[in-house]
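See structure below.
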Amino acid sequence: MSATNRRHMSPIWAPGIFGASKHHDSTRPLRYTLTFSSPTGSICSTQVAALVELGANASIIGRRKDVTEAKAAELQTLRRGSKVLGISADVRDYSALVAAVKRTVEELGRLDYVICGAAGNFLATVDNLSTNAFKAVIDIDVLGSYNTVKASLEELKKTRGKIIFVSATLHYTGSPFQAHVSAAKAAVDALSGVLCVELGPYGITSNCIAPGPIAGTEGMARLSRPEIASEAERVVPIQRLGRAHEIADATIYLLSPAGDYVSGDVIVVDGGAWHRQGALALPYPECVTRKGVVEGVKGMKRVKDSKL
Numbered sequence: 001m002s003a004t005n006r007r008h009m010s011p012i013w014a015p016g017i018f019g020a021s022k023h024h025d026s027t028r029p030l031r032y033t034l035t036f037s038s039p040t041g042s043i044c045s046t047q048v049a050a051l052v053e054l055g056a057n058a059s060i061i062g063r064r065k066d067v068t069e070a071k072a073a074e075l076q077t078l079r080r081g082s083k084v085l086g087i088s089a090d091v092r093d094y095s096a097l098v099a100a101v102k103r104t105v106e107e108l109g110r111l112d113y114v115i116c117g118a119a120g121n122f123l124a125t126v127d128n129l130s131t132n133a134f135k136a137v138i139d140i141d142v143l144g145s146y147n148t149v150k151a152s153l154e155e156l157k158k159t160r161g162k163i164i165f166v167s168a169t170l171h172y173t174g175s176p177f178q179a180h181v182s183a184a185k186a187a188v189d190a191l192s193g194v195l196c197v198e199l200g201p202y203g204i205t206s207n208c209i210a211p212g213p214i215a216g217t218e219g220m221a222r223l224s225r226p227e228i229a230s231e232a233e234r235v236v237p238i239q240r241l242g243r244a245h246e247i248a249d250a251t252i253y254l255l256s257p258a259g260d261y262v263s264g265d266v267i268v269v270d271g272g273a274w275h276r277q278g279a280l281a282l283p284y285p286e287c288v289t290r291k292g293v294v295e296g297v298k299g300m301k302r303v304k305d306s307k308l
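Everything in the sequence shown is counted per UniProt numbering, starting at 1 for the first residue and increasing by one.
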């Protein structure tokens, strides 16, 4: 695919940069391979698509077998000769992820990169947030990320691989309605830092990418008001919403040789939005003093008898 025809990344990246092994071995395919958990969202699927277009093979892991396999088939059409596996597994199930990694290596030959993108989110004040709902997000984001990496470690040591976590910026400031996600993503950032130190001697890097408000994503559709796009100039210093391919660009940078000496960092791609503490553009303090409910937001959890 020519650079001018790419939809999933900026046109600056050299074609085929993920098409040759870092450590040539005639018994292994000359092709980088990645495993990606929860790749069906707008941002995550764009990340995988960009890497496949640039030469990588991939296995993608999702809970719903039909959706995951359909997405894999779609991604495989992006480059002639590419191989993309769709594997059904729950990231909270460590044994299922061990099996997924085993299948990846058996069918694709090796594992160079792991991207942890599993996440769950909705809006709720602590008053409206049940302990089960809080735990569900922690289990998906934190335990799911831990399981994905742990299941992949031995293979990553063989290839001196790279790990990326898809994080967020919500925990940098006090973000209303996001106690569960803020706690989860803070833990993911901390986990990445520990892995940077523990796995560095094996040649493995670990980093996070923290997207800001990205246009056309499920998160923007469910977790913000419809008029936020028109308010972007007020909310985001760059004065526009982000684009999914800009997250893919950060991914390519970290996984390419250009990112070989970057580890333990969080790459924030948000146009400076987190400095304004208002990526969701919710009215404050009204949003937290009216029973924790903001009209017009699809992903808002409500408790009828909630009292603040």
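Glycine included, C-beta positions come from ideal geometry on N, C-alpha and C. In this text, all values refer to a predicted model and were calculated from it rather than measured experimentally.
Skipping 5 residues on each side, what residues in its chain have a beta carbon closer than 7 angstroms to that of residue i?
{"i": "I238", "result": "G271 and G272"}
{"i": "T148", "result": "S37, V91, L97, V114 and C116"}
{"i": "A136", "result": "G120"}
{"i": "V48", "result": "F36, P39, A58, I60 and L75"}
{"i": "S182", "result": "L170, H171 and S175"}
{"i": "T77", "result": "none"}
What is the DSSP secondary structure of residue i, counted as helix, strand or coil?
{"i": "G174", "result": "coil"}
{"i": "T251", "result": "helix"}
{"i": "residue 333", "result": "Nothing can be reported for residue 333: it is not among the residues displayed for the chain, which extend from 1 to 308."}
{"i": "N132", "result": "helix"}
{"i": "T148", "result": "helix"}
{"i": "L199", "result": "helix"}
{"i": "V262", "result": "coil"}
{"i": "S167", "result": "coil"}
{"i": "P257", "result": "helix"}
{"i": "Y94", "result": "helix"}
{"i": "A14", "result": "coil"}
{"i": "I87", "result": "strand"}
{"i": "I140", "result": "helix"}
{"i": "L123", "result": "strand"}
{"i": "T77", "result": "coil"}
{"i": "V114", "result": "strand"}
{"i": "G193", "result": "helix"}
Within a Cβ cutoff of 6 angstroms, which residues of the same chain sit near residue i, ignoring the five residues on either side of it in sequence?
{"i": "residue 325", "result": "As shown, the chain starts at 1 and ends at 308. That puts residue 325 outside it, with no answer to give."}
{"i": "K185", "result": "S167, A168 and H171"}
{"i": "S59", "result": "T35, L85, I87 and T104"}
{"i": "D249", "result": "M9 and S10"}
{"i": "K157", "result": "Y202"}
{"i": "G55", "result": "G16, F18 and G19"}
{"i": "G259", "result": "Y253"}
{"i": "E154", "result": "none"}
{"i": "K65", "result": "S88"}
{"i": "R79", "result": "V52 and E53"}
{"i": "A118", "result": "S37, S38, V91, I140 and G144"}
{"i": "T251", "result": "Q47"}
Around the Cβ of residue i, are there at least 16 other Cβ atoms within 10 angstroms (buried) or fewer (exposed)?
{"i": "N121", "result": "buried"}
{"i": "N132", "result": "exposed"}
{"i": "A244", "result": "buried"}
{"i": "G81", "result": "exposed"}
{"i": "A14", "result": "exposed"}
{"i": "P257", "result": "exposed"}
{"i": "K83", "result": "buried"}
Cutting at 8 angstroms between CB atoms, please list the residues of its own chain near residue i, excluding the five before and the five after it.
{"i": "A151", "result": "Y94, L97, V98, A100 and V101"}
{"i": "C208", "result": "I164, F165, V166, S167, V188, D189, S192, D265, V266 and I267"}
{"i": "R276", "result": "V235, V236 and P237"}
{"i": "Y146", "result": "L191"}
Round the Cβ separation of residue i and residue j to the nearest angstrom and send it over; I've been treating them as touching at under 8 angstroms.
{"i": "I204", "j": "G144", "result": "I204 to G144, Cβ: 19 angstroms. No contact."}
{"i": "I214", "j": "I43", "result": "6 angstroms"}
{"i": "G176", "j": "Y32", "result": "Going by the sequence as given, residue 176 is Pro instead of Gly. That belief does not hold up - the Cβ atoms of P176 and Y32 are roughly 41 angstroms apart, past 8 angstroms."}
{"i": "V269", "j": "E246", "result": "6 angstroms"}
{"i": "residue 322", "j": "D112", "result": "Residue 322 falls outside the range modelled here, since the chain spans only 1 to 308, and no answer is possible."}
{"i": "T173", "j": "W274", "result": "7 angstroms"}
{"i": "T217", "j": "G41", "result": "7 angstroms"}
{"i": "A179", "j": "L129", "result": "6 angstroms"}
Cβ contact (3+ pairs, closer than 8 angstroms) linking the region 136 to 146 and the region 63 to 75: no
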